[in-house]
Every structure is written in structure tokens, then in C-alpha cells.
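Only one structure is covered here, and it is reproduced in the block below.
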């Protein structure tokens, strides 16, 4: 009988636009050495939505929740942990913060007092607000960082932690046809020229500002290029930040060359309808180290441009530029368009297959689980 692993996370239910949820979903589908159990809400149809026949569903949550489960939802998880008697390994997957880490500490202590000590894995799904205080947020016997950059930060501030690196994963998006690509462009009014996509935030990092300032430089050189901001609002500041970006584009005289799509219902298809993905982000707070949209872009062969100085520069297959440098971004976009042939696209798809498939990432987790269970 396979060892049972309980994943402690947000509810693993649609929509699939949260990096930490998607990681657990993919592990539940592809781990082979262990029997996964995941937390879902108590509505019907969850087994079909998860599409992981090998996974047991623990109906702990009362709602699908948002990006941050509330107090009552967390209390349900804590109760479930205290009552659980079957898990042979616990794997916590969330962004470390005082409340969640404190609850996990308390639950693990209570379990141990009841004689139910099991190995604990803790994945740092996204960076903490402050690295300086991260040591008190760690409780796993082994901590998984999603990049070497995060591992260095962890060990700098928590040198006694046992940290391993396993990158995130993303499934290959369904391929769209040439006609579907044209239809998607028509739907959003994007035209037939080259399209640069920024799929980040308006309000976090300098990414949107850098793209906006690069738009004028691109438009001066190639007026047929358009820039798409596909930014899902996550915080109350989103509307204000978007307005500031739009005002900057108007002031530069390039507002007509841009589109603001907000939340996109099929980002995987949009990635195949654009020509370049620009992600010059220098602050990944609230995101996984290698955002899923970038992995999906590589999987379909679309060129990706990212900023140096953080985990993004580890993305195999991406072009790396200095952060906050619109001139470098404009030059990188033009270079990517000029060099974008089938050989380059296949090189990006190969980089994805070698590093970021759910099967490859799940196999690394399998190996870690078996090692910890032996210990």
C-alpha cells in the first residue's frame, strides 16, 4: 500500500489561476510513489474538477474561497489536522505568514502530543512579506523553495533550515488553430500586427510601468506593434494603479496602441495569439517564483522576456533584461520578434519539457517523500 500524503493548502478547486493551488492539483494527478489526499470544499463535482482519480478528497472547506482563506476556513483545516489519523506525511503548500505558520505550528505540536508525529514538508509557495523574519515562519522538516534565489534568501535568514529546490510546473495548454488564433484577436480587437503581452499586475512591482514606458519606444520604431495588459485585479489598489498606467500612455501619445483586458478567461489560448510575453517584474510578492503563465508560454513556444535580479532570471528559455529598463525591454522585444522562427519556438518548448512538466516535478516530489519516509 502506498504511503498516504495529506496536502494542506487552499481548496484545490477551480478556477485554476492560483499558483499554489495548481501545484497541489498537478501533484495529486502525477505523483506515483504515494497516495495523495487533497482538501476541497463540500460542493458536488469536485472529483471531476480535480481530474485526479488516485487522489482522495477531504471535504474540509465550506466554500471555494479566494486567494486567502478566511478565519473560519482556516479553523476547519486546523480541526481536520488535529483529527487526522491516516496521513503518513504532511505537505503544507502556502505563502508563509504569521497566522498560517502559527496555526501549523500549533497543530503539529498537538498532533505530536497525541503521538502522531509524521514527516512534514513545507513548500514556500510565494515569498514572505519580509525575508528577515522568515525563520519563525518555517516548521517543515524539509522546506521546498521554488527557485535557487529563494533558497539563498531562506538560508541567509534561517541557516538551520533544510531547504531543497523543486520548481513549479504547468500542464501543456491545448493547442489552438490558426483560425482560433485569428478569432481570439478579433474578439479582443487586437488587429493583425505583432502583439506584446504583459500578464502581470498593475499595482505590484514596476512591471506595468516598465512596459508602459517601453510602449512609446516600440511604437516609434514599429507602429504596427500593439501592447496588451492582461492584469487580473487582486487588491483594492488595482483600479488606481491601472488609471495611472493609462494616464502615462495617454501622455506619451500611445494609448491607441494598447489594450487593457483585465481578467482573461482563457489565458492559455491568448498566449498562442500573441507574439511576445513581456514580464519585467522585479517584485513577485503574491506570486510563485516562476509564474505559471510564463511556463505555459514556454510550453507553446512563445518568446518570454523577464527581469534579472530575482527568481525570474532562472527561467530556462527566457530572455533576461535589467529591471526597470524600458529601453532594454523594447530592444529585447524587437530581438525576439526578429529571431522568432520554428527552431527558436522548439527550443523554448524543449526547455519547458526538460524542466517544468507536471510529470517531472511530481517525480522530484516522489523522491523527496520516499527519502523522508525512510528517515
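Numbering (my numbering), first residue to last: 340 to 714. Quick reminder that beta carbons are idealized off the backbone N, C-alpha and C, glycines included. Predicted, not measured: the structure shown is a model, and the values here were computed from it.
Whether residue i touches residue j by CB criterion (7 angstroms)
i	j	result
residue 593	residue 618	no
residue 655	residue 636	no
residue 632	residue 606	yes
residue 638	residue 511	yes
residue 485	residue 612	no
residue 465	residue 626	yes
residue 624	residue 508	no
residue 347	residue 431	yes
residue 427	residue 457	yes
residue 386	residue 367	no
Contact set for residue i: own chain, Cβ-Cβ below 6 angstroms, skip 5 residues either direction
i	result
residue 574	542
residue 558	593, 596
residue 533	564, 614, 676
Residue i, DSSP secondary structure in three states
i	result
residue 629	coil
residue 388	helix
residue 663	coil
residue 354	coil
residue 781	Outside the shown range of the chain (340 to 714) lies residue 781, about which nothing can therefore be said.
residue 381	coil
residue 435	coil
residue 376	strand
residue 424	coil
residue 370	coil
residue 395	strand
residue 347	strand
residue 400	strand
Environment of residue i [buried if 16+ CB atoms lie within 10 Å]
i	result
residue 589	exposed
residue 641	buried
residue 653	buried
residue 711	buried
residue 358	buried
residue 489	buried
residue 381	exposed
residue 529	buried
residue 730	Residue 730 cannot be examined here, being either before or after the span of the chain that is shown, 340 to 714.
Neighbourhood of residue i by C-beta, 8 angstroms cutoff - its chain only, sequence neighbours within 5 removed
i	result
residue 397	345, 376, 377, 378, 379, 419
residue 688	637, 638, 639, 640
Neighbourhood of residue i by C-beta distance below 7 angstroms, restricted to the same chain and skipping five residues each side
i	result
residue 497	473, 474, 477
Q: Jot down the residue ranges of each uninterrupted alpha helix (DSSP H) in the segment 542 to 581, minimum 4 residues, whole runs only, in chain order.
A: 546 to 560
Q) In the segment 491 to 540, which residue ranges form an unbroken alpha helix (DSSP H) of at least 4 residues, counting only runs that do not cross its ends? A) 517 to 527
Q. Counting only runs that start and end within the segment 439 to 486, where is the beta strand (DSSP E) found for 3 or more residues in a row?
A. 459 to 463, 481 to 484
(Q) Threshold first: 3 residues or longer. Then list the beta strand (DSSP E) segments lying entirely within the segment 604 to 658, N to C. (A) 615 to 618, 643 to 646
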